[in-house]
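Below is one structure, written out as structure tokens; comments come after it.
Residue numbers (the working numbering): 3 to 444.
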């Protein structure tokens, strides 16, 4: 029976699953004959596309999507209306479930699915630090943070051991979505089956344990840590967690339950033949309240490093623009990489940390003129806007000039379905396109 359905699966992989699945192994293997599940998470207060399917039970604002959908090519995708994400991958952030005002670290964050999900739980209140050691992947992560309109994130690119000494006990919650052997993605990415070897799990487990050790140093007493992989084997899952708990007796498993998934005593494995999703593993741990070796958590603004301040003239120009275009307060009080930003407070120490993004990029000075940033538009539409059709939105994202009302002057946000697409400057009945050249879809 097994030989009829194993197809191109590595035989060693099937053998390691036998003790886990027992008589349900054939059902599991047959599930790989079915198409993979696809899903998306909708931005808070944004309506889902009409074509989506049923909600994903264990995640907020999440839906299954048709296999043949082209949501990723729609202009609203680039406007941050939704994030395409595999449904099972949504379980880890849902288990950690940060609260507004908390300090959260996503230690292995690219491309940004779990980071943007964590940001949604924070409701723009608190701090989200997203780290990705690989520079190219960190750039993609930063772009997705911007696209989804996250104003309170810091994106860095460092190894975990380079951060743990700088940020001891700083975070309330940490997510470690560890690099793994990827067994849970064998249906979605069949080509990865041939990359698996019997030695893969042990090699991955060594790296995963290393990452967890450094994550533990950055968690405050009483804080929560979620560990996740997209693989099945116990070596990378229960084995890593059990080894970590032996080394760290101040941590303990936390039972949790998510809608549509079985209750668990602290670890949960998602099987594709039991749910509508791919393979995943989640563990939730708590750090004991008592840990005298760690510094006391500091309050906002207390002895935290500061970024360069904005000059008075620049601050005045930025404030005038923001007051004219928005009915909510901003704080253009810091500079980062030449941009005037609104920084989260408090920030972790960033000296010596390769940092790609800090908070919300508001804009920059070009001479004496304040020019708004693309990130500002994606965070919130200006009070001065132009509604576009879908075809016009595609032309705008390709960098084309569009018609504008004759009476409209100055910067405005072209919009589609109540979401800003970026900036344009209206003059003489035309919209001069300010969509970033690197993002244009020709």
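Where a beta carbon is used, it is the ideal one built from N, C-alpha and C, also for glycine.
- Per DSSP, residue 40 has no beta bridge partner at all.
- Counting only the Cα atoms, residue 240 lies some 16 Å from residue 202.
- The C-beta distance from residue 81 to residue 423 rounds to 5 Å, short enough to meet the 8 Å contact threshold.
- Cα atoms of residue 398 and residue 84: separation of roughly 19 Å, rounded to the nearest angstrom.
- Under the three-pair Cβ rule at 8 Å, the region 26 to 37 does not count as touching the region 53 to 61.
- Taken through DSSP and simplified to helix, strand or coil, residue 154 comes out as coil.
- For residue 147, there is no enclosing beta strand (DSSP E); the residue is part of the alpha helix (DSSP H) that begins and ends at 137 to 149.
- Counting every other CB atom within 10 Å of its CB across the protein chains shown gives residue 330 a total below 16, marking it as exposed.
- With respect to the 8 Å criterion, residue 345 and residue 286 are not classified as neighbours on the basis of their beta carbons.
- If you compare the alpha carbons of 393, 95, 213 with that of residue 175, the shortest gap goes to 95.
- Inter-segment contact for the region 354 to 371 and the region 405 to 413 is absent: fewer than three beta-carbon pairs are separated by less than 8 Å.
- Looking at 153, 27, 109, 171, the one whose alpha-carbon comes closest to that of residue 291 is 171.
- Within the model, the alpha-carbon separation for residue 369 versus residue 155 is close to 28 Å.
- For the 8 Å CB-CB criterion, residue 289 and residue 223 form a contact.
- Between residue 312 and residue 342, the gap from beta carbon to beta carbon is short of 8 Å.
- Under DSSP, residue 367 shares a beta bridge with 372.
- Contact annotation: residue 108 and residue 120 have beta-carbon atoms nearer than 8 Å.
- Its chain contains 82, 380, 381 as the residues whose beta carbon lies nearer than 6 Å to that of residue 151, once the 5 sequence neighbours on both sides are disregarded; these appear in chain order.
- The DSSP assignment places 412 to 418, 426 to 429, 432 to 435 as complete runs of the beta strand (DSSP E) inside the region 405 to 435, in order along the chain (cut-off: 3 residues).
- Between residue 117 and residue 98, the C-beta spacing is not below 8 Å.
- Per DSSP, reduced to three states, the secondary structure at residue 87 is coil, with no helix or strand assignment.
- Listed in chain order, the beta strand (DSSP E) elements of length 3 or more contained wholly in the region 151 to 239 are 155 to 158, 173 to 179, 221 to 231.
- Residue 165 and residue 355 have their C-alpha atoms some 8 Å from each other.
- Taking C-beta separations shorter than 6 Å and ignoring five residues to either side along the sequence, the partners of residue 359 in its chain run 144, 157, following chain order.
- By the 16-neighbour rule on beta-carbons within 10 angstroms, residue 353 is exposed.
- For the pair residue 244 and residue 67, the Cα-to-Cα distance works out to about 36 Å.
- Here residue 357 is bridged, per DSSP, to 158.
- Counting the other Cβ atoms within 10 Å of the Cβ of residue 54 gives 16 or more, which makes it buried.
- Each of 210, 191, 184, 190 was checked against the Cα of residue 200, and the nearest Cα belongs to 184.
- Assigned with DSSP and collapsed to three states, residue 119 falls in helix.
- Per the coordinates, the alpha-carbon of residue 378 lies some 12 Å from the alpha-carbon of residue 320.
- One alpha carbon belongs to residue 428, the other to residue 438, and they sit about 17 Å apart.
- Counting every other CB atom within 10 Å of its CB across the protein chains shown gives residue 430 a total below 16, marking it as exposed.
- When DSSP states are grouped into helix, strand and coil, residue 113 belongs to the coil group.
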